[in-house]
Amino acid sequence: MPTGSVVDQADIGTSASPPPFVRLPDLRNRFARRAARLGHLADGHPLGDYLALLARIAAAQQDALGRLGPGTMPAATGRTPLDHRAPRGDQGWLPVLRGMLADLRPDLTLPVDVEALADRVLAHDPRPDDLALAPFVHAALEVWFTRMAAMLDPGDLGHERSLTTCPACGALPVASTVEATGSLSGSRYLHCGLCGTAWHFLRVKCAVCEGTAGIAYHEIEGGGGAAKAETCDGCGAYGKIFYLARDAATDPVADDLATLGLDLLVGEAGWARAWPNPYLAAERPR
Amino acid sequence: MGAMSVSRRQFFRYSGAALGASSLTALGFSPTPALAQVRPFKLARTTETRNTCPYCSVSCGVLMYSTGDRAKNSRSSIIHIEGDPDHPVNRGTLCPKGAALLDFVHAPTRLTYPEYRAPGAKEWKRVSWDFALDRIARLMKDDRDKNFIAKNQAGQTVNRWTSTGMLAASASSNETAFLTYKVVRSMGMIVFDNQARV
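Next up, the structure:
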C-alpha cells in the first residue's frame, strides 16, 4: 500500500496503456539477487541455516547460468513453448546439478534414473528418498528453464488476461507480487516457480479458481503488510502476495520460504496452499 | 468458484507434520524453531474491495483496504484507498481529490443521516428518513403543480418541468443510471445530470 505514491514525469501518459502481460527473467541478476536476499533473510531467522544453504545454491545457479549454453527447446506440445512436462531436449541441466552437489552436498548421491527423478520433482510429487535431492534437482532445472525462457519473444506468449499457470513453461507460480515502480505500480504479477517468467494477473481475484467473491488477505498480526496470504473462500486455497511497496528487495521464492510462519497459521485456519515452493519439497497430502 | 475446477488433491500443505518429512528435515535441518516462533501469533485479516470514486464523471476505479473479519461483534474500518491498477479508466492513478478519499470517508463532518434546517432557523437538526423523503416529495409536488408546462406557445404538447433540477452520483452503475433517468424524466424534469460533473 503506497501512501500517496508520486508518478515520475517520464511515466505520465505511459500508464494509459496496459502493463506488459509477461516479463521474462533477467539473466544478469536473476539468481544473484535471490542469493543476496536469502543471505539477508537468513540472519536471525528460525530457518536461518536452511536459508543460508539456499543462498549458496542461488549463488551457484547464477554462476552456472553464465556458463550454460542456449539449450534445446523441449518437444513442441502445443501447450506452452517450454512445456515443463514435455521430454527435455537435452541434458544441459545435469552438469549444473552435478556441480552443485559436488560443491555443496557431496554426501548426496544421485539415483541411476536421474530423468525420472527430475520428472517427479517437476510434478511436485517426490518420493521419500527424493526429498533431500529435490532442491538441488529443481535448482539445476530452474537454471536450464530460465536460460531458455529468457530467449522467448514476449509477443509469442499471448495476451490472455487470466492464466493460472506459466505462459512460458506451464509450471505453477510460487507467489505473486504487487509492483511498486513506475507504470507497473499496483499491478499484480504471478511468478513462475520454474522459469522465472512473471505474468500479469488481476488484483483481488483468486489465482487458483479465478473466483472474485470471498477473497481476503491474511498476515501475521503486526507484520507490516509486506507479505500476505490471499485466501479464497470459493475453493479453500491460498497463495502468497508480496507488496513490493513495503519491501522492494522481495524475491518471490526466497520470501515465500522466509514467511513459512504465515503458512503454518493460514494452514491451521483451514486454507490449503495452492502452490508448492520448489525448495521445500514435501510429500503431498493423499 | 470460478471457471476452473479445483480439487483439494491439487493442494499442498506446510503444517508441522508435513515439514517433518520435507526437504528441510531430509537435509538435516529442524523446523522446530520456526514452529515455536509463530505459535504466539494470530492472523490479521484485511480485504481489498473494488469501488468507483464518487467525485466526478471520470469514474476512476479504486481499491479500498479494510480491516475486520465481518464477525457480528467486530466493526470493519477502511484503512487505505488507492487507484485500481486494473481499471481501464485510470490504471491505478488518482487525482488529488481521489487520492484524499480516505479522509473523505472518515471525515467527522461527513453526512451520514438526513438533517433539516427550517426556513429562518440557524441550526441543522437531525431528522428521520421518513421526514426527509416526505418533505422532498411535498416540495417537489408543489413546485411541479405550480410550474409544469404542458404545452408551449405554439400549442404543442411538451410536458416540461424546468423549475427543479437533479444531480445524480458519478459512481452510479448503468442500472442505477437507467432507473434514475426513468424516474426523473417521467416527471418531465429537464435539468438533470445523471453523471454529475463536480
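Protein sequence lines, in the order shown, are assigned to chains A and B.
Its first residue numbered 130, the first sequence is counted upward by one per residue in the numbering used here.
Its first residue numbered 11, the second sequence is counted upward by one per residue in the numbering used here.
Using N, Cα and C, we set each Cβ at its ideal position, and we do this for glycine too.
Practice prompt. Could you work out which residue in A:G299, A:P147, A:M280 and A:A181 is closest to T206 of chain A when comparing CA atoms only?
Written response: A:G299
Worksheet item: Listed from N- to C-terminal order along the chain, which residues in the stretch 296-330 of chain A have their beta-carbon within a distance smaller than 7 Å of any beta-carbon of chain B?
Response: S314, G315 and S316
Worksheet entry | Span separating the alpha-carbon of Y372 of chain A from that of A378 of chain A | 10 Å
Worksheet item: Using a C-beta cutoff of 7 Å, does R332 of chain A count as contacting chain B?
Response: yes
Discussion item. So, at 8 Å on beta carbons, what are the nonlocal neighbours of K192 of chain B in its own chain, with the 5 sequence-adjacent residues on each side left out?
Written reply: none
Discussion item. For a minimum of 4 consecutive residues, which ranges assigned as the alpha helix (DSSP H) are wholly contained in the stretch 77-117 of chain B?
Written reply: 106-109 and 111-116
Fill in: Proximity test, Cβ basis, 7 Å: F22 of chain B and chain A
yes
Discussion item. DSSP three-state label for P202 of chain A, please.
Written reply: Note that residue 202 of chain A is Met in the sequence shown here, rather than Pro. Coil, per DSSP.
Discussion item. If I follow the unbroken alpha helix (DSSP H) through K156 of chain B, where does it start and stop?
Written reply: W139 to N157
Fill in: Rounded separation between A268 of chain A and A187 of chain A - CA only
8 Å
Worksheet entry | Under the three-state DSSP convention, the category M280 of chain A falls into | coil
Practice prompt. Please go through the stretch 172-247 of chain A and give each complete alpha helix (DSSP H) segment of 4 or more residues, from N-terminal end onward.
Written response: 177-196 and 222-233
Worksheet item: In chain B, which residues lie less than 9 Å from H347 of chain A when you measure between Cβ atoms?
Response: L53, A54, R55 and T56
Fill in: Contact set between the stretch 372-390 of chain A and chain B, restricted to residues whose Cβ is under 7 Å from the partner
L389 and G390
Worksheet item: Would you report the Cα separation of A374 of chain A and A358 of chain A, rounded to the nearest angstrom?
Response: 16 Å
Worksheet item: When the cut-off is 7 Å and only beta carbons count, does L292 of chain A lie next to chain B?
Response: no
Item to complete: Count the other C-beta atoms from every protein chain shown that fall within 10 angstroms of the C-beta of G108 of chain B, then say buried if there are 16 or more, exposed otherwise.
Response: buried
Item to complete: For D26 of chain B, go through chain A and note every residue whose CB falls closer than 8 Å to its CB, in chain order.
Response: At residue 26 of chain B the sequence reads Gly, which differs from the Asp that was named. By Cβ distance, chain A contributes L393.
Worksheet item: Is it right to say M280 of chain A is buried, meaning 16 or more other beta carbons lie within 10 angstroms of its own, or is it exposed?
Response: exposed
Worksheet item: From the beta carbon of G71 of chain B, is the nearest beta carbon of chain A less than 7 Å away?
Response: no
Worksheet item: Helix, strand or coil: which one does DSSP assign to P131 of chain A?
Response: Reliability fails at P131 of chain A, whose pLDDT of 48 lies under 50, so the model's placement of it is uncertain and no value is given.
Worksheet entry | For P43 of chain B, the first and last residue of its enclosing alpha helix (DSSP H) | T42 to V48
Fill in: Proximal residues of chain B, C-beta to C-beta of L239 of chain A below 9 Å
Within chain B, no residue comes near L239 of chain A; the closest Cβ sits about 15 Å away, beyond 9 Å.
Discussion item. Among B:A28, B:M199 and B:N204, whose alpha-carbon lies nearest the alpha-carbon of F188 of chain B?
Written reply: B:N204
Worksheet item: Which of the three DSSP states, helix, strand or coil, is assigned to N169 of chain B?
Response: strand
Worksheet item: Quick one, which residues of the stretch 111-134 of chain B are near chain A if we go by CB-CB under 9 Å, in chain order?
Response: none
Worksheet item: Looking at C-alpha atoms only, which residue of B:L34, B:T122, B:R85 and B:N61 is the closest neighbour of L111 of chain B?
Response: B:N61
Worksheet item: How is the alpha helix (DSSP H) around S196 of chain B delimited, first residue to last?
Response: N184 to S196
Worksheet item: chain A beta carbons: is any one of them nearer than 7 Å to that of L280 of chain B?
Response: For residue 280 of chain B there is no data in the structure shown, the boundaries of chain B being 11 and 208.
Item to complete: Measure from the alpha carbon of T294 of chain A to the alpha carbon of each residue in A:Q190, A:R214 and A:L194, then state which is nearest.
Response: A:R214
Fill in: D94 of chain B beta carbon less than 7 Å from that of V72 of chain B
yes
Discussion item. Per DSSP, what are the beta-bridge partners of H329 of chain A in this structure?
Written reply: A:Y318
Worksheet item: Would a check of beta-carbon distances place P149 of chain A closer than 7 Å to chain B?
Response: no
Worksheet item: Touch check for the stretch 328-337 of chain A and the stretch 157-166 of chain A: three-plus C-beta pairs under 8 Å?
Response: no
Worksheet item: Over what stretch of residues does the alpha helix (DSSP H) that includes T57 of chain B continue unbroken?
Response: Element bounds for T57 of chain B: not the alpha helix (DSSP H) but the beta strand (DSSP E), L53 to T62.
Worksheet item: Distance, Cα to Cα, A247 of chain A vs L331 of chain A?
Response: 32 Å
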